[in-house]
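Numbering (this note's numbering), first residue to last: 353 to 1047.
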């Protein structure tokens, strides 16, 4: 290698020139330093010849520079976006360059990292990443990294952080490649035992992205490598396997990180268990660390304790086997109300955080967690979790009513419905605020799923009303539409648009909602809807190839059919066959639908057929005026009225119906219905409205 650079010589690989630098130095973004090699070797042994050559090397120069004597510099994190070379393969990821890795990591800390925080400060993690890259390239560790030279970040943790940040970065096209490499590293036998703290932290990040079965294949489970690393509860098993729940001896160098990481798993276990509507896996007897009381400045800990209380009293196998009584339900509602008042986080604080500039004076009134100011997306997450826990209680009560009817008093059932409706209204305001400030676009997917779960709550509650008034109909529609816009605005998740379309059709067709769907959608999103017809165009989304995804099982013997990032178990669509709009952000990935316009205005009598579904055995048509007094129509014969007034009568119907319709006592807020938005919504759902409303 007469012209090889220092890095390629150390690694003993071919140095491939590529512009001002070689391919390897370009991939990790370091100076390409080289020097001419002596053509003749001195006589004597190979060892002496090597020493003579090293002693007579001319001063190095850098390709592209005019003879500068620069050493190999410390790796720095650059935000400049450059298209990676095809020959780049940093960390085993095709196309991953150093600048792409920097961008993905920085994007993670600026988005999801504000909620899923690492157990080490960002600066410490970045230094450990640099050490890993130096070791990986065979270069000498610079003196400024000597304190972390013995603790490089593991490849799995670096890939996990980059994988979660990639979808929100300019390098989103590397998401599938990062997923595939994470999958490959997880298949290595020692990936979960070497660097145990990094492994647990990586599994925490990756398991929040997908919902998967617990085990990769059949067989004994004494070894953690036989579990699906991203399956349900695996991170808790790893925590027990590496004994994070037991304090280390005094003076252990990683004691502080083990403490932080254990309580992170503790909170994760509580939230994930409530999402699956089951009991938590970490019992009180498993906790070896001292547990202090939940205080106002520890909202995450307070949230975990309340969630564990709900899981143990309402979702445990014992509570499901025996009829529930009124007392634990009243206590859960009361505790949740107190939590909302104690954490000092509200819509007002979130709105102020979104509008106020980031300054020391502005952060004086910002809620904190362990003396750390909470970012707006963290406040959004905590408020969403609080509202969603009301829905968890409501689902538990509905299941009890189905299994043990008559055991709960009507007053308790009414109080749970009233509290859940109030939480739904708060969630609607959260959706409106977060959509306006684009908060949950880069937030965890669970916030979007909570909005979807509340839409199912509204549909199930509305269809249970025998004769709803126009006021009730308008209120339910307005809440559902606001939540649906929040679901759709989470546009960086590929299933947000199909999920919003499916929920909108279920809303306007008044589908019968299974209580299990309301429970599952908060955890799985679109894949949790088993009894609701899926939007016919949701199945047209391009499916990822088996090697491009991590949502399948990681066992090498697993079937490739398990690898899918979204809808691998989705049912064939049974939705009505009207033409959908194209909501894809990439028009070339979906076949456009051409919908012919109606040639003539349909008579008023045909409106109920246009606004109804073919599945009449379990659905009924709802509209803002479906239960309003009949109105005269010029197209109807004398003495007969259509079952649904034509659109031009809708404003008149609402104005005349509001004074005579008493407000529902369960409705706590006043959300006006946007009629132009409603008409636009119907058209987006595929309905041909030949007559527009008159305002």
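Glycine included, every Cβ here is placed at the ideal spot set by N, Cα and C.
Check your understanding: Per DSSP, what kind of secondary structure is residue 370 in: helix, strand or coil?
Key -> Taking the first residue of the chain shown as 1, we reach residue 370 at position 18. Strand at residue 370.
- In three-state DSSP terms, what is residue 916? Counted from its first residue, the chain shown places residue 916 at position 564. Model confidence at residue 916 stands at a pLDDT of 31, short of 50, so the residue's coordinates are unreliable; what they give is reported in the following sentence. Looking at residue 916 - three-state DSSP - the assignment turns out to be coil, as it is neither helix nor strand.
Buried versus exposed call for residue 364 [16 or more other C-beta atoms within 10 Å across all chains shown]: Translated into the one-based positions of the chain shown, residue 364 becomes position 12. Looking at its Cβ environment, which holds fewer than 16 other Cβ atoms inside 10 Å, residue 364 is exposed.
* For residue 443 and residue 561, believed in contact at Cβ under 8 Å, the rounded distance -> If you number the chain shown from 1, residue 561 lands on position 209. If you number the chain shown from 1, residue 443 lands on position 91. Actually they are not in contact, since the Cβ atoms of residue 561 and residue 443 sit about 18 Å apart, beyond 8 Å.
Quiz item: Does the segment 759-777 come close enough to the segment 539-548 to have 3 or more Cβ pairs within less than 8 Å?
Solution: no
Q) In whole angstroms, what separates the C-alpha of residue 654 from that of residue 691? A) As a working note, residue 654 is residue 302 in the chain shown. As a working note, residue 691 is residue 339 in the chain shown. The straight-line gap from Cα to Cα measures roughly 7 Å.
Exercise for review: Could you work out which residue in 706, 510, 680, 731 is closest to residue 698 when comparing CA atoms only?
Suggested key: Counting from one through the chain shown, the residue named residue 698 turns up at place 346. Of the listed residues, the one whose Cα sits closest to residue 698 is 731.
- Query: For residue 504, does the three-state DSSP call read helix, strand or coil?
  - Reply: Indexing the chain shown from 1 puts residue 504 at position 152. Coil, per DSSP.
| message | Which residue wins for smallest C-alpha separation from residue 504, given the options 530, 550, 536? | response | Taking the first residue of the chain shown as position 1, residue 504 is located at position 152. Ranking 530, 550, 536 by Cα distance to residue 504 puts 550 first.
- Message: Between residue 656 and residue 744, how many whole angstroms is the CB-CB distance? I'm expecting something under 8 Å.
- Response: On the chain shown, position 304 is the one that residue 656 refers to. On the chain shown, position 392 is the one that residue 744 refers to. About 14 Å separates the two Cβ atoms, so there is no contact after all.
For residue 739, count neighbouring Cβ atoms within 10 angstroms of its own Cβ and tell me buried if that reaches 16, exposed if not. Translated into the one-based positions of the chain shown, residue 739 becomes position 387. So residue 739 counts as buried.
inquiry  = Can you tell me whether residue 631 is helix, strand or coil according to DSSP?
reply    = Here residue 631 refers to the residue found at position 279 when the chain shown is read from its first residue. Coil, per DSSP.
*Hey, how far is the Cα of residue 611 from the Cα of residue 367?*
Taking the chain shown and counting its residues from 1, one reaches residue 611 at position 259. Taking the chain shown and counting its residues from 1, one reaches residue 367 at position 15. If I take the Cα positions, the gap works out to 45 Å.
Drop a sphere of 10 angstroms on the beta-carbon of residue 797, count the other beta-carbons inside from all chains shown, and report buried for 16 or more, exposed for fewer.
Your numbering for residue 797 matches position 445 in the chain shown. With 16 or more Cβ atoms within 10 Å of its Cβ, residue 797 is classed as buried.
Nearest-angstrom Cα distance between residue 452 and residue 523? The sequence position of residue 452 within the chain shown is 100, counting from 1. The sequence position of residue 523 within the chain shown is 171, counting from 1. Those two C-alpha atoms are separated by around 6 Å.
Quick one: give me the first and last residue of the alpha helix (DSSP H) that residue 465 is part of. On the chain shown, position 113 is the one that residue 465 refers to. For residue 465, there is no enclosing alpha helix (DSSP H), since its DSSP letter is neither H nor E.
* Specify the secondary structure class of residue 545 as computed by DSSP and reduced to three states. => Here residue 545 corresponds to residue number 193 of the chain shown, with the count starting at 1. Coil at residue 545, not helix or strand.
Original post:
Are the beta-carbon atoms of residue 815 and residue 862 separated by less than 7 Å?
Top reply: Here residue 815 is taken as the residue at index 463 of the chain shown, counted from 1. Here residue 862 is taken as the residue at index 510 of the chain shown, counted from 1. Yes, they are a contact pair.
Worksheet item: Which residues in the same chain have their Cβ closer than 7 Å to the Cβ of residue 510, if we skip the five residues on either side of it in sequence?
Response: Position 158 of the chain shown, counted from the start, is the residue given in the question as residue 510. Here the set comprises 443, 481, 484.
Query raised in the report: Pick from 874, 736, 843, 873: whose alpha carbon is nearest that of residue 790?
Result: On the chain shown, position 438 is the one that residue 790 refers to. When each option's Cα is compared against that of residue 790, the closest is 843.
Exercise for the section: Along the alpha helix (DSSP H) that carries residue 650, what are the first and last residues, could you check? Expected result: One-based indexing of the chain shown puts residue 650 at position 298. Residue 650 -> no alpha helix (DSSP H), and no H or E assigned at all.
(request) Taking residue 866 as part of the alpha helix (DSSP H), name the residues at either end of that continuous run. (result) By 1-based counting over the chain shown, the position of residue 866 is 514. Element bounds for residue 866: n/a, residue is neither H nor E.
* Terminal residues of the alpha helix (DSSP H) in which residue 813 lies -> Within the chain shown, numbered from 1, the residue matching residue 813 stands at position 461. Where residue 813 is concerned, the enclosing alpha helix (DSSP H) stretches over 797-815.
Where does residue 540 sit, in a helix, a strand or coil, going by DSSP?
Position 188 of the chain shown holds residue 540. Of the three classes helix, strand and coil, the one that applies to residue 540 here is coil, per DSSP.
Endpoints, the alpha helix (DSSP H) within which residue 768 is located = What you label residue 768 is simply residue 416 of the chain shown in a count that begins at 1. Per DSSP, residue 768 belongs to the alpha helix (DSSP H) from 762-789.
Worksheet item: Do you know offhand how far residue 362's Cα is from residue 374's?
Response: Mapped onto the chain shown, residue 362 falls at position 10. Mapped onto the chain shown, residue 374 falls at position 22. Going by the C-alpha atoms only, they are around 14 Å apart.
Is residue 447 helix, strand or coil by DSSP?
For the purposes of this step, residue 447 is identified with residue 95 of the chain shown, where counting begins at 1. Three-state result, residue 447: coil.
| task | Closer than 7 Å by C-beta to residue 831: which residues in its own chain qualify, once you throw out the five before and the five after it? Chain order, please. | result | Working through the chain shown from its first residue, we reach residue 831 at position 479. Hits under 7 Å: 776, 777, 780, 810, 1023.
Checklist line | Same chain, Cβ closer than 7 Å to residue 479, neighbours up to 5 away in sequence not counted | finding: Translated into the one-based positions of the chain shown, residue 479 becomes position 127. Here the set comprises 497, 500.
| According to the neighbour-count rule (16 or more other Cβ atoms, all chains shown, within 10 Å of its Cβ), is residue 552 buried or exposed? | Working through the chain shown from its first residue, we reach residue 552 at position 200. Looking at its Cβ environment, which holds 16 or more other Cβ atoms inside 10 Å, residue 552 is buried.
Based on Cα-Cα distance, which residue from 694, 670, 661 lies nearest to residue 681? Along the chain shown, one-based indexing puts residue 681 at 329. That would be 661, whose Cα lies nearest to the Cα of residue 681.
Would you kindly work out how many angstroms separate the C-alpha atoms of residue 683 and residue 617, rounded to a whole number?
Counted from its first residue, the chain shown places residue 683 at position 331. Counted from its first residue, the chain shown places residue 617 at position 265. In a straight line, the C-alpha of residue 683 is about 26 Å away from that of residue 617.
TODO: Note down, in chain order, each residue of its chain lying with its Cβ closer than 8 Å to the Cβ of residue 470, except the 5 sequence neighbours on either side.
DONE: Along the chain shown, read from residue 1 onward, the residue named residue 470 stands at position 118. Closer than 8 Å at Cβ, skipping near neighbours: 477, 513, 553.
- Query: residue 864 to residue 635, Cα distance in whole Å?
  - Reply: One-based indexing of the chain shown puts residue 864 at position 512. One-based indexing of the chain shown puts residue 635 at position 283. Straight-line Cα distance between these residues: approximately 37 Å.
Query - Contact under 7 Å by Cβ, residue 881 with residue 866 - result: Looking up residue 881 in the chain shown gives position 529. Looking up residue 866 in the chain shown gives position 514. No, the pair does not count as a contact, with Cβ atoms beyond the cut-off.
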